[in-house]
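The listed protein sequences correspond, in order, to chains B and R. For the first sequence, my numbering begins at 131 and goes up steadily by one. For the second sequence, my numbering begins at 1056 and goes up steadily by one.
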Amino acid sequence: MPKSPKPATGRSDSGKAKTAAKSAARNTDSGPAKAGPGPAGDLPSEKMAQVQDLAAALPFNSTKPMEHGAENGKAPPAGQTATPASRLPTGSTLSEDNGSEKTGSVAPEGVNSTIEPLDRVRVDSSGQVLTTNQGVAIADNQNSLKAGVRGPVLLEDFILREKITHFDHERIPERIVHARGSGAHGFFEAYEPLTQLTKAAPFQEAGKITPVFVRFSTVQGERGSKDTARDVRGFAVKFYTDEGNWDLVGNNMPVFFIQDAMKFPDLVHAVKPEPHHQMPQAASAHDTFWDFVSLMPESTHMLMWVMSDRAIPRSYATMQGFGVHSYRFVNDAGESVFVKFHWSPMAGTHSLVWDEAVKISGADPDYHRRDLWERIEAGNFPEYELAVQVFTEEQAEQFSFDILDATKIIPEELVPLRPVGRMVLNRNPDNFFAETEQVAFCTAHVVPGIDFSNDPLLAGRIHSYVDTQISRLGGPNFHEIPINAPVVQVHNNQRDGMHRQAIHRGRVSYEPNSLAGGCPFQAGAQQGFVSTALRIKDREQDKVRAKPEKFADHYTQARLFFESQSPVEQDHIANAFRFELSKVTVPAIRERMVSSLRNASEVLAKKVADGLGMDPMPDPMPPALAKPPAPEVAKSPALSLLFRPGDGSIKGRKVALLVAPGMEGESIATVQAALAQQGAVGRLVGPRIGPVKTAAGEMLDADASLENEPGFLFDGLVLPDGAEAIAALSQDGHTAEFIKDQFRHCKTILVFGEARKLLAQAGVPVSMDKSQAQGGTGLILAGTDQAREAADAFVQALGKHRHFGREMDPPLV
Amino acid sequence: MTTLLEKDACELLDADHIAVKHLFVAYARLAFAPGDAAANDKLALARKICSELTVHAQIEEEIFYPALRGEIDEPQLLDEAQAEHQEAKEMIARIEQMPAADAAMDELVAQLNTAIEHHVKEERDQLFPKARASGLDLDAIGEQLRQRQAELMASSAKPPGRSSPRK
């Protein structure tokens, strides 16, 4: 080797060593026996030395012994860490200091920036020019690039191709169930600390606010299907807690059709449009559904709920929500109790009637979506109280039913509801796709303080939701989609995959490690999620595919539900069974269902059979359990919609005020003002939209027409006085339909002066006279000189939601 | 429509049906609402339901059913209706003996409601069409019903100590 000349400054042996270290530090493979220091200020050798120190600080895996044994499993230790001398050894590259407009700077220490508030991805294009996705300004957005004005389009037209290509890929697969949904942002506020019961973050102090995103949905219909189908409604709440995301993925009914996830694909295949001709859309009234459920008697309780008016809510703001399964609350000491979650609407539980729901689905398939949007836009924020039923494993053992059975409720009379907080939905999404469509709810998303029960349906759901999001959202990184990202730091060694957004600094993507000082390290029992050790006793059984014996009681709670309803609600349940089963084309299926219903309620079965011309009734179906245990509760008024009438508020309600030329305008204006004052909307509905001259010569502006907003879309109706207006309305065929539907659906109707003639014309029978004299019919007749009093009476009657006294089967009009 | 109109027999009886349904609905609204604040209102409603139904059953039995007998093709419908009246009267008697509007009364009023609903449906679906097609002078029968109803209401409006009419 040629001798290199001595430098003028002179060099010692340590100088040689430093140079050697400097050289060694400039390689990405192979290294010296000892990583000595390099020259001062030489970053590569400094990094090499610090990496060596960091690795040496963790000479062995000190927590390894604690990975063993049940006791350690219940209280795992925090992971072992070492602190690097500087940020040098944990970086990916020394060149990270060379920032630019694109790279920005170095990752802030210990921070995942992808969880920043949604502002980081909001887009507003005010004052901006149109660009390609690459940010190239587009000069002409009207024409593709052609070889001459009449020549062929050129393949090189990257602007056209980008635009068309993106458009071609706009759709993602819709959810297999719950495809049709509407979402909103809001917050949850705890009433009081529940620290004795749970360490779950939202419940740690009074007044604590946790952001939420909620999605309501139907189950059966496709993404563009009607809102008012007879169906279960999804009621999914994503809590962005400060210990991670908790998804309470519930429904507006507290039970389900099946008891084991093994049957979930069967159920959904049976209820979905039939596979040969893809009919019917958004309906359970068809052969395959009733074939399946009539062979699955455990579905009877759920059928009662689905045939009740709860399956056709008036608004997402007027329905309950339920966590369905038994969950667990776990406190700081690791002690756990069972809980069931209940959301109750402050506006009360109110539903549509079936004839109305069917008609609405034609005129406004977006009825619930519109209602939710408009309530929030108007400041009538939907609000729900969260309550829990808390019970112990020992209590559960005493119940006549199994708390792991998703076809059973725990009657409120047995375990009372304890209110724990409220949820307010106060912000509509900016973008339906980015938020409501891409939001991914998973029952697997729980936080410390919340844990699962052994409900076998829940077990399947814990798997299924995550699994289905992967295919729907195109890969395993759906947690990085802005609406799904938590508000807390996310650090782990999961890497790569489709659409990865995070840019992880450093070379460590495994644990344990010493090269990143052990980070990110396992949190240990103090901070981390520890699964409840004792989920249920008798864990020591052999592997088995069978249900617990109490699951075989299929009818006791179906009976409880039916017998806890008011007579009108019972009528509606019977009528719904009649309607659905009448749509079935196979008499044997119909008869099988009626034979099953006989085990739940002879009264109901007889009524349904009568409505289907089924005489005699088939014999009762042999039950799976001949002598079920006696129930603790035989009647639970809390199961009736009437139990939660709400505060009588009419916020968010819509009323049609019919207008026509020559009308008496003052009285209508009085009612409209009274409604507005109460937070309801009184719409002026005329034979056409636009100005209408009143008898007094004033101009009113109709913003809806009899043609474009049919009567069944409104919660109430007001008919104006004025001879000319009445004559005009009388000769418009829509008017009678308006009145007929409003009357049939038992809504509040206010009739001024001579407009009562329109009632007779619509077929309102003379036999209403005695009821009118008696009062309380929700059909208010008033002179225009009593407009103020009439408006008050109207507002009050509207607050009662419906007036079922005039409901006959078949309907009076 | 706040004053009573001239009605034929079916319309008059149906006016009773609709009016009593309003009372049942009002009762259920109070019975199912949480709390028992409305016990007195419920008691008054239950009493009114009972007296209305008692008079209604009586004028049907005295005037309407006999008028139809011999004029319609399925007279057993009248026997069924009469039997249903009997069943209802027993429930009415039990309700009238109850001192307070408690859960037991809620239960019984709901049962009566269901029974009446069934009876009304049969009358509306089967008897009324037959009566209307029979050629009977329903206006005249309606007037008889109205007069008798007025008499009975006047006498039943003199509590206490009235007894429900029984066959």
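Note that CB positions come from ideal geometry on N, CA and C, so glycine has one too.
Residues near residue i in its chain [Cβ-Cβ closer than 7 Å; skip 5 each side]
i: residue 137 of chain B; result: For residue 137 of chain B, the pLDDT reaches just 47, beneath the cut-off of 50, and the residue's location in the model is therefore unreliable, although a value from the coordinates is still provided. Hits under 7 Å: none found.
i: residue 750 of chain B; result: 725, 728, 729
i: residue 889 of chain B; result: 869, 881
i: residue 292 of chain B; result: 262, 263
Helix, strand or coil at residue i according to DSSP, with G and I counted as helix
i: residue 454 of chain B; result: coil
i: residue 348 of chain B; result: strand
i: residue 671 of chain B; result: coil
i: residue 695 of chain B; result: coil
i: residue 247 of chain B; result: coil
i: residue 138 of chain B; result: Because the pLDDT at residue 138 of chain B is just 46, under 50, the model does not fix this residue reliably, and the value given afterwards should be weighed accordingly. Of the three classes helix, strand and coil, the one that applies to residue 138 of chain B here is coil, per DSSP.
i: residue 523 of chain B; result: helix
i: residue 418 of chain B; result: helix
i: residue 300 of chain B; result: coil
i: residue 370 of chain B; result: strand
i: residue 188 of chain B; result: coil
i: residue 772 of chain B; result: helix
i: residue 1114 of chain R; result: helix
i: residue 826 of chain B; result: coil
Beta-carbon proximity list for residue i, same chain, < 8 Å, skipping 5 on both sides
i: residue 174 of chain B; result: 152, 155, 156, 168, 224
i: residue 838 of chain B; result: 819
i: residue 180 of chain B; result: 214, 215, 216, 218, 219
Where residue i meets chain B, residues with beta-carbon distance less than 7 Å
i: residue 1080 of chain R; result: 698, 934, 935
i: residue 1077 of chain R; result: 901, 904, 906, 907, 935
i: residue 1084 of chain R; result: 772
Under 8 Å from the C-beta of residue i: neighbouring residues of chain B
i: residue 1184 of chain R; result: Within chain B, no residue comes near residue 1184 of chain R; the closest Cβ sits about 12 Å away, beyond 8 Å.
Beta carbon proximity, residue i to chain R, threshold 8 Å
i: residue 900 of chain B; result: yes
i: residue 904 of chain B; result: yes
i: residue 449 of chain B; result: no
i: residue 745 of chain B; result: no
Contacts of residue i in chain R (Cβ-Cβ under 8 Å)
i: residue 733 of chain B; result: 1169
Under 7 Å by beta carbon: chain R residues contacting residue i
i: residue 770 of chain B; result: 1087
i: residue 692 of chain B; result: Here the premise fails: no neighbours, minimum Cβ distance about 11 Å.
i: residue 767 of chain B; result: 1087
i: residue 939 of chain B; result: 1176
Same chain, Cβ closer than 6 Å to residue i, five either side skipped, listed in chain order
i: residue 640 of chain B; result: 623
i: residue 414 of chain B; result: 401
i: residue 350 of chain B; result: 361, 401, 412
Check: residue i C-beta below 7 Å from any heavy atom of the ligand ZN
i: residue 1196 of chain R; result: Of ligands this structure carries none, so the ligand ZN is not represented either.
Partner residues on chain B for residue i, Cβ-Cβ distance less than 9 Å
i: residue 1071 of chain R; result: 897, 900
is_contact[residue i, chain B] using C-beta, thresh 8 Å
i: residue 1060 of chain R; result: yes
i: residue 1179 of chain R; result: yes
i: residue 1165 of chain R; result: yes
i: residue 1074 of chain R; result: yes
i: residue 1066 of chain R; result: yes
i: residue 1205 of chain R; result: no
Chain R contact residues for residue i, given Cβ-Cβ distances below 9 Å
i: residue 701 of chain B; result: 1169, 1172
i: residue 773 of chain B; result: 1087, 1088, 1089
Stretch-stretch touch, CB-based, cutoff 8 Å, three pairs: the segment 761-774 of chain B with the segment 1085-1096 of chain R: yes
The segment 421-432 of chain B in contact with the segment 549-564 of chain B per 3-pair CB rule at 8 Å: no
Cβ contact (3+ pairs, closer than 8 Å) linking the segment 781-793 of chain B and the segment 451-471 of chain B: no
contact_flag[the segment 644-656 of chain B, the segment 390-399 of chain B] where n(CB pairs < 8 Å) is 3 or more: no
Any 3 or more C-beta pairs closer than 8 Å across the segment 1071-1078 of chain R and the segment 884-904 of chain B: yes
Inter-stretch contact (C-beta, 8 Å, three-pair minimum) for the segment 471-478 of chain B and the segment 442-456 of chain B: yes
Contact between the segment 321-340 of chain B and the segment 400-410 of chain B (3+ Cβ pairs under 8 Å): no
Three CB pairs or more closer than 8 Å across the segment 378-387 of chain B and the segment 495-514 of chain B: no
The segment 515-529 of chain B / the segment 273-291 of chain B touching (three or more Cβ pairs under 8 Å): no
Any 3 or more C-beta pairs closer than 8 Å across the segment 1113-1133 of chain R and the segment 1150-1163 of chain R: no
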